[in-house]
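The block underneath contains the structure these notes are about, expressed in structure tokens.
Residue numbers (the UniProt record's numbering): 1 to 192.
This is how it looks when you write it as structure tokens:
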């Protein structure tokens, strides 16, 4: 082969191997979070820890009192003197009732951001179930939080939730013992 043919073959080989190359960056600007970034919840699917500290106290009392009386006096005269006769009727009734309930819940629950409104507020929801000695305790937290209320360590106290719904229930022997018995419920139903 001559130098000219080698040069032409090299040129043809180089021309056929030249194709446009497309490279994708490893950096995705939309989902990039630097290592030193604030790790607070802000997007749908992010998690946030809710510190539940709720205290509820309810008091109710009722009282009534009813009094009525009526009387009648009859005087009759006889030759020996007066015969005073009298009849009187009186009735009094009254009743009092009072109910006092206190409750306190302290827990931590991780909730997931469900949606974001036009103002940037985050709707969160979290469920947790704990079983201790056959007693099942379940907790559900729902509500809206402002991103400014989330601390730097991604925790928000429950009193910062608005439109909050916090449900705490228990099932098991302890919960069953707190319920009224069958005969108590029948007596209450009959109003006795």
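Virtual Cβ for every residue (Gly too), placed ideally from N, Cα, C.
Next on the checklist: Can you check which of these residues, 58, 161 and 52, is closest to residue 103 by C-alpha distance?
Outcome noted: Reading the chain shown from its first residue, position 103 is the one you call residue 103. Selected option, being the one with the closest Cα: 58.
Checklist entry - Counting along the chain, where does the beta strand (DSSP E) carrying residue 138 start and finish? => result The sequence position of residue 138 within the chain shown is 138, counting from 1. Segment 135-145, the beta strand (DSSP E) holding residue 138.
Item to check | Status (buried if at least 16 other CB within 10 Å, exposed otherwise) for residue 122 | outcome: Taking the chain shown and counting its residues from 1, the one referred to as residue 122 is at position 122. Residue 122 counts as buried, since no fewer than 16 other beta carbons sit within 10 angstroms of its beta carbon.
Checklist entry - Grouping DSSP H, G and I as helix and E and B as strand, with all else coil, what is residue 55? => result Here residue 55 corresponds to residue number 55 of the chain shown, with the count starting at 1. If DSSP states are grouped into helix, strand and coil, residue 55 belongs with the strands.
Checklist entry - Between residue 42 and residue 156, what straight-line distance do the alpha-carbon atoms span, to the nearest angstrom? => result Numbered from its first residue, the chain shown carries residue 42 at position 42. Numbered from its first residue, the chain shown carries residue 156 at position 156. If you take the alpha carbons of residue 42 and residue 156, they lie about 13 Å apart.
Item to check | Proximity to residue 162 [Cα-Cα], best of 10, 3, 110 and 124 | outcome: Working through the chain shown from its first residue, we reach residue 162 at position 162. Among 10, 3, 110 and 124, the Cα nearest to that of residue 162 belongs to 124.
Next on the checklist: Rounding to the nearest angstrom, what Cα-Cα distance links residue 152 and residue 49 in this structure?
Outcome noted: One-based indexing of the chain shown puts residue 152 at position 152. One-based indexing of the chain shown puts residue 49 at position 49. Cα to Cα, the separation comes out at about 11 Å.
Checklist entry - Helix or strand or just coil, what does DSSP make of residue 112? => result For the purposes of this step, residue 112 is taken as the residue at position 112 of the chain shown. Reduced to three states, the DSSP call for residue 112 is strand.
Item to check | CB contact check: residue 98 to chain B, cutoff 7 Å | outcome: Included in the structure is just one protein chain, with no chain B present.
Checklist entry - Just the Cα atoms here: how many angstroms apart are residue 98 and residue 35? => result Position 98 of the chain shown, counted from the start, is the residue given in the question as residue 98. Position 35 of the chain shown, counted from the start, is the residue given in the question as residue 35. Near 58 Å, if we compare the C-alpha coordinates of residue 35 and residue 98.
Checklist entry - So what does residue 239 bridge to, in DSSP terms? => result The structure shown does not extend to residue 239, since the chain is modelled only from 1 through 192, so no value can be given for it.
Item to check | Nearest candidate by alpha-carbon position, reference residue 46, set 126, 165 and 107 | outcome: Numbered from its first residue, the chain shown carries residue 46 at position 46. Cα-wise, what sits closest to residue 46 is 126.
Checklist entry - Going by C-alpha distance, which of 116, 119 and 137 is nearest residue 109? => result For the purposes of this step, residue 109 is taken as the residue at position 109 of the chain shown. When only C-alpha atoms are compared, the closest one is 137.
Item to check | Cα-Cα separation between residue 6 and residue 12, rounded to whole angstroms | outcome: Numbered from its first residue, the chain shown carries residue 6 at position 6. Numbered from its first residue, the chain shown carries residue 12 at position 12. Per the coordinates, the alpha-carbon of residue 6 lies some 10 Å from the alpha-carbon of residue 12.
Checklist entry - Does the beta-carbon of residue 15 have 16 or more other beta-carbons within 10 angstroms, so that it is buried, or is it exposed? => result Translated into positions along the chain shown, residue 15 becomes position 15. Under this definition residue 15 is an exposed residue.
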